Amino acid sequence: MCGIVGYVGNNDAYPILINGLKRLEYRGYDSAGVALVGDGCTLNVYKTKGKVADLEAHASGKPLGGSTGIAHTRWATHGEPNEANAHPHVSQSGNIAIVHNGIIENYATLRSQLSAKGYQFKSSTDTEVLAQLIDYFNTALDLPLLQAVQAALRRVIGAYAIAVVDSRAPRRIIAARKSSPLVVGIGNEGDFYLASDASPIIEYTDRMVYLNDGEIAILPAGGEMEIVNLDNKPVELNVTRVEMNISQLEKGGFPHFMLKEIFEQPDCLNDCMRGRVNAQGQPLALSSLRFHSKRMLNASRYIIVACGTSWHAGLIGKQLLENFAQVPTSIEYASEFRYRNPVINPSDVVIAISQSGETADTLAAVELAREKGAFIYGICNSVGSSIPRNTDTGCYIHVGPEIGVASTKAFTGQVTVLAMLALSLGMARGTLSHDEARQAVSQLTRIPGIIKETLERINPQVEQLAKMLTYARNVIYLGRGYNYPVALEGALKLKEISYIHAEGYPAAEMKHGPIALVDEDMPVVVIATRNAMYDKVRSNVQEIKARRGRVIAITTQGDTAMGDLADECIALPEVPEYLEPLITTIPLQLLAYHVAVCKGKDVDHPRNLAKSVTVE
Ligand code: AGP
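Residue numbers (our numbering): 2 to 617.
Next comes the structure, spelled out in structure tokens:
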């Protein structure tokens with residue numbers, strides 16, 4: 002996700018825009034830019050790779066006048082983080098500048114249509130395509146700017162929050178939204194503020210208008226704000242008063258980034274799947290496979306390399322790839338892989354999973370694999386980071402910046418991409434029929450809604466349950482099959498933010514030693530959902546209860562039998578076993594969070610940890 006700020010009114014726009022961008026840097030920080038419209042119909046655009054401070058340095062000493070402006074801090078989705086790809090993007094006519102937050106799925110089609118009409122492109126972004134499309138309707142077809150914006154947006158498939166300025170109309174901003182947030186602040190003397198959320202605006206006004214999907218706002222300095230839809234029909238303004246403070250707003254009203262990121266997983270997974278499922282007439286359409294199918298399909302084996310939570314996602318990926326694509330898949334701790342002189346063949350495909358894209362061990366493992374001739378596939382979140390730059394291709398997870406040190410939405414984003422990859426490879430290799438793939442995709446697209454319902458339903462219960470674990474000194478997490486990696490991940494979450502020792506095991510491993518740990522002081526969290534392994538897991542739970550262990554069971558709604566056995570049950574909706582990790586991880590994320598809060602820990606900045614381990 003990116004951050005958008007706009008201002009039009011009686012004051013200089015530049016300082017308001019820069020201050021606003023700084024409030025939004027948590028939304029994206031790989032490049033930033035500003036467009037200023039002066040009263041003399043001048044349009045000055047300054048943009049640079051890096052943070053807002055880099056933009057200030059870049060713009061210093063340049064003409065910064067103008068009471069109308071838009072600005073942007075970027076989290077790259079299409080195109081490397083660099084000056085050319087930074088927003089604002091300017092139309093070919095030079096009159097129109099636009100900033101955008103979202104993903105335009107059909108940008109490639111639109112780009113080729115515009116190229117055929119003589120448009121030249123300076124960037125590889127989807128946003129520039131929108132700028133030129135608006136320009137086409139405005140300049141080539143001579144539509145007024147508002148109608149040109151409406152015509153262009155009717156052609157767009159995807160998500161957008163945009164702000165548009167025109168040097169020929171210096172006292173006006175046009176804004177529009179679909180699926181990406183945008184809010185207008187109504188100032189006192191006919192000033193208007195615009196932003197991705199209220200945090201850059203709240204210091205100027207508490208009167209806000211949150212745009213809804215399909216709405217376009219026209220903001221004339223000194224005039225009356227109007228809202229219309231794409232067909233130019235007027236829409237009623239709904240002004241609300243925002244009471245939150247800035248810190249709360251940056252966290253979306255949540256007390257910590259980690260809880261915000263847990264709750265935004267439904268939206269993030271929709272963004273992750275956007276344009277990749279039920280696209281181009283196919284159940285799945287991963288561009289990385291379209292352009293590199295030969296190497297990916299002819300792989301003799303897949304080797305997954307990762308660290309920490311990403312390694313847990315990789316463990317799930319191993320099962321998905323072997324289950325659906327039926328290609329031998331190994332999973333390696335990158336830190337071990339890089340030093341043990343592994344056998345790597347040119348026919349191997351190495352899959353590197355990393356949220357930050359900067360983890361030193363994973364980067365070193367990628368470089369080693371490249372030296373030995375393997376094909377490298379990246380699954381990362383940070384566009385243009387070191388690991389993706391060292392891969393042959395890959396698939397970004399598009400979950401937006403993950404600020405909390407404990408990874409949550411990146412984990413479910415990684416698992417979602419691995420599921421799409423495994424299903425796509427299975428279809429291409431003929432180990433999965435199109436019908437099976439369609440059914441699987443239909444199940445996958447239900448997951449965000451299930452997570453949303455589950456979060457709202459179980460959060461109060463888990464918050465209460467967390468008090469039971471606050472004084473625990475050790476906790477065991479158990480799971481089987483696809484849920485064994487989830488047990489590992491749940492234990493890691495608890496360890497890293499509450500500092501309680503926890504271990505994850507395959508449930509059947511208990512009798513090979515760990516069950517000696519079990520007594521009335523040992524809480525055991527068991528993932529015991531209704532799947533093929535249920536009866537085996539139930540036996541494991543009975544063994545624990547027989548030794549007076551306290552069992553918290555993650556169950557399937559309606560499973561009363563487990564309810565009679567376990568001390569506490571957190572019930573989840575039923576989903577196919579291969580998608581269960583996307584659901585069973587949710588209560589474990591919440592449990593770790595609430596235990597850490599009960600213990601008064603610094604949830605977003607746990608001791609001894611960094612968000613990205615860029616050193617060995
Ligand atoms: C997970 O909660 C931790 N923050 C940590 O294990 C992390 O997953 C690991 O350092 C790998 O980071 P990466 O995904 O950015 O490579």
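A virtual CB, placed ideally from N, CA and C, is assigned to each residue, including glycine.
These numbers come from a predicted model, not from an experiment.
In the three-state reduction of the DSSP assignment, Met209 falls in the strand class, which pools E and B. Checking the 6 Å criterion, the Cβ of Thr310 is within range of a heavy atom belonging to ligand 1. In the DSSP secondary-structure assignment, Val166 is bridged to Ala98.
Just so you know, the alpha carbons of Glu81 and Gly385 end up roughly 5 Å apart. Assignment of Asp349 by DSSP, reduced to helix, strand and coil, places it in the strand class. In the three-state scheme derived from DSSP, where H, G and I count as helix and E and B as strand, Phe255 is classed as coil. In this structure, the C-beta of Ser331 stays at least 6 Å away from each heavy atom of ligand 1. Shown here, Gly103 sits in a strand according to DSSP, grouped into three states.
The residue among Asn239, Ser116, Thr586, Leu44 with its C-alpha nearest the C-alpha of Thr455 is Thr586. Per DSSP, the unbroken alpha helix (DSSP H) holding Asn460 starts and ends at 435-470. When the five nearest sequence neighbours on each side are left out, the beta carbons in the same chain lying within less than 6 Å of the beta carbon of Thr49 are those of Asp55, Leu56, His59, Glu84, in order along the chain. Residue Trp312 holds the alpha-carbon nearest to the alpha-carbon of Thr360 among Ile228, Ser348, Trp312. Counting only runs of 4+ residues, the alpha helix (DSSP H) found wholly inside the region 250-332 occupies 258-264, 266-274, 288-298, 309-321, in chain order. Bounds of the alpha helix (DSSP H) holding Pro486 are 485-499. Apart from the 5 residues on each side of it in sequence, Lys261 sits with its Cβ closer than 6 Å to the Cβ of Lys252, Gly253, Phe255 in its chain, given in chain order. Of all alpha-carbon atoms in Ala222, Tyr211, Glu337, the one lying nearest the alpha-carbon of Glu237 is that of Tyr211.
Measuring C-alpha to C-alpha distances from Ile377 to each of Gly191, Thr446, Ile345 identifies Ile345 as the nearest. The nearest non-hydrogen atom of ligand 1 is 6 Å or more from the C-beta of Ala597. For His502, the uninterrupted beta strand (DSSP E) run begins and ends at 502-507, by DSSP. Taking a contact to require three or more Cβ pairs closer than 8 Å, the region 575-586 and the region 474-493 qualify as touching.
Proximity of the beta carbon of Val604 to ligand 1 is not indicated: no heavy atom of the ligand is located closer than 6 Å. Residue pairing for Asn475: DSSP places it in a beta bridge opposite His502. At least one heavy atom of ligand 1 falls within 6 Å of the beta-carbon of Thr360. Proximity of the beta carbon of Gln356 to ligand 1 is indicated: a heavy atom of the ligand is located closer than 6 Å.
DSSP places Tyr47 in the uninterrupted beta strand (DSSP E) bounded by 44-50. Proximity of the beta carbon of Ala407 to ligand 1 is indicated: a heavy atom of the ligand is located closer than 6 Å.
Excluding sequence positions up to five before and after His606, its CB lies within less than 7 Å of the CB of Val406, all in the same chain and listed in chain order.
Taking all protein chains shown into account, His257 has 16 or more neighbouring C-beta atoms within 10 Å of its C-beta and is therefore buried. Note on Asp143: under 16 other CB atoms within 10 angstroms of its CB, so exposed under the neighbour-count rule.
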